[in-house]
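Visitor:
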Amino acid sequence: MNGGEETLVAADAAELAILAAELMARAIAAAIEARGVARIALSGGGTPSEAYRRLAALSLPWAQTEWFWVDERAVAPDHPRSNHGAARRDLAAARIPEDRFFRMEGEAADLAGAASRYEALLRARFGVASAVAFDLMTLGIGDDAHTASLFPGTGAVGIADRLVAAIPAQPDKGLEARLTLTAPVIREARVKLLLARGASKRAVVEQAKRPGPADEVPARAVRGGAGRLVWLLDAAAAQAG
Ligand code: 6PG
Numbered sequence: 004m005n006g007g008e009e010t011l012v013a014a015d016a017a018e019l020a021i022l023a024a025e026l027m028a029r030a031i032a033a034a035i036e037a038r039g040v041a042r043i044a045l046s047g048g049g050t051p052s053e054a055y056r057r058l059a060a061l062s063l064p065w066a067q068t069e070w071f072w073v074d075e076r077a078v079a080p081d082h083p084r085s086n087h088g089a090a091r092r093d094l095a096a097a098r099i100p101e102d103r104f105f106r107m108e109g110e111a112a113d114l115a116g117a118a119s120r121y122e123a124l125l126r127a128r129f130g131v132a133s134a135v136a137f138d139l140m141t142l143g144i145g146d147d148a149h150t151a152s153l154f155p156g157t158g159a160v161g162i163a164d165r166l167v168a169a170i171p172a173q174p175d176k177g178l179e180a181r182l183t184l185t186a187p188v189i190r191e192a193r194v195k196l197l198l199a200r201g202a203s204k205r206a207v208v209e210q211a212k213r214p215g216p217a218d219e220v221p222a223r224a225v226r227g228g229a230g231r232l233v234w235l236l237d238a239a240a241a242q243a244g
């Protein structure tokens, strides 16, 4: 079954954050209503930050939420580039209990080991016999069309034998190594909220919505699956402008 997809266009970055927070809150409330818990996987990057802050200002049954990460940079949690650290700061106002957060070990010397441990953690939290289907996942898209830490031309988007993968550093781009959920896990999230802001994203969003090789445009891999995909763009990132 395919949960379908839709595109919402916000007038500007502020409206994008308001809409994103509202969609996140709805997905969280619906999951808690249906299953008693909402499992959320967060992306990093600059775009979702304000949405996370706005979400944290809302009143939700936070004790029934569980927070995971879509990807993480190979840095310690208190490093300015840590996705976990950034999201925790953005969500601080919600006062979510500490034991509701499940971070990737970006600081691990053995990233492949950290990926295996995160996979085991996911299997344990979701139940070994169940599929790892997040209730809500936020995603972004890079100017090079990467999503999560699945970068173009690396084959990473084709990894299908694991839930979590270690991604080598790209020194030519100044990027550290990463940990990332793999495409099959991303695809199966119940609500996928892909946020893109700014004119530099317009071409890649357009490419990602067209079928073609996912290794060239990894964001194509978010499409399909049982869940619902929402492209939430600001006017500058939307094709129609
Ligand atoms: C990260 C991400 C990454 C991000 C895109 C878009 O760790 O950087 O999770 O996949 O979503 O790079 O980032 P921006 O929101 O900063 O454009």
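Note that the sequence shown covers residues 4 to 244 in my numbering.
Idealized CB from N, CA, C, for every residue including glycine.
1. Can you list the alpha helix (DSSP H) stretches of 4 or more residues lying completely in the region 65-127, in chain order?
2. Residue range of the beta strand (DSSP E) that L19 falls in?
3. Between which residues of its own chain and P187 is the CB-CB distance below 8 Å, once the five residues before and five after are set aside?
4. Taking contact to mean 3 or more Cβ pairs, one atom from each stretch, closer than 8 Å, check whether the region 79-95 and the region 47-66 are in contact.
5. Can you tell me where the alpha helix (DSSP H) holding R56 begins and where it ends?
6. If you draw a straight line from the alpha carbon of A112 to that of L182, how long is it in whole angstroms?
7. Relative to the C-alpha of V160, which candidate in L197, K195, P214 and E219 has its C-alpha closest?
8. Taking 7 Å as the cut-off, is the CB of G116 close to at least one heavy atom of the ligand 6PG?
9. Verify the contact flag: R193, CB atom, against every heavy atom of the ligand 6PG, threshold strictly below 7 Å.
10. Compute the minimum distance between the beta carbon of H149 and the heavy atoms of the ligand 6PG, and state whether it is under 7 Å.
11. For R231, which beta-bridge partners are listed by DSSP?
12. Can you give me the C-alpha to C-alpha distance between E9 and R231, rounded to a whole angstrom?
13. Quick check: what's the CA-CA separation for A13 versus S46?
Guide: Short version:
1. With a minimum length of 4 residues, the continuous alpha helix (DSSP H) runs that stay inside the region 65-127 are 86-94.
2. Boundaries around L19 are those of the alpha helix (DSSP H), A16 to R38, since no beta strand (DSSP E) includes it.
3. Cβ neighbours of P187 beyond the five flanking positions: A163 and L166.
4. Yes, since at least three Cβ pairs between the region 79-95 and the region 47-66 fall closer than 8 Å, the two stretches touch.
5. Taken as a continuous stretch (DSSP letters only), the alpha helix (DSSP H) holding R56 covers S52 to A59.
6. Those two C-alpha atoms are separated by around 12 Å.
7. Of the candidates L197, K195, P214 and E219, the one whose C-alpha sits nearest the C-alpha of V160 is E219.
8. For G116, the CB stays at least 7 Å from every heavy atom of the ligand 6PG.
9. With a cut-off of 7 Å, the C-beta of R193 is classified as distant from the ligand 6PG, since no heavy atom of the ligand falls inside that distance.
10. Yes, the ligand 6PG has a heavy atom inside 7 Å of this Cβ.
11. Looking at the DSSP assignment, R231 forms a beta bridge with V194.
12. Cα to Cα, the separation comes out at about 8 Å.
13. Taking the straight line from one Cα to the other gives about 20 Å.
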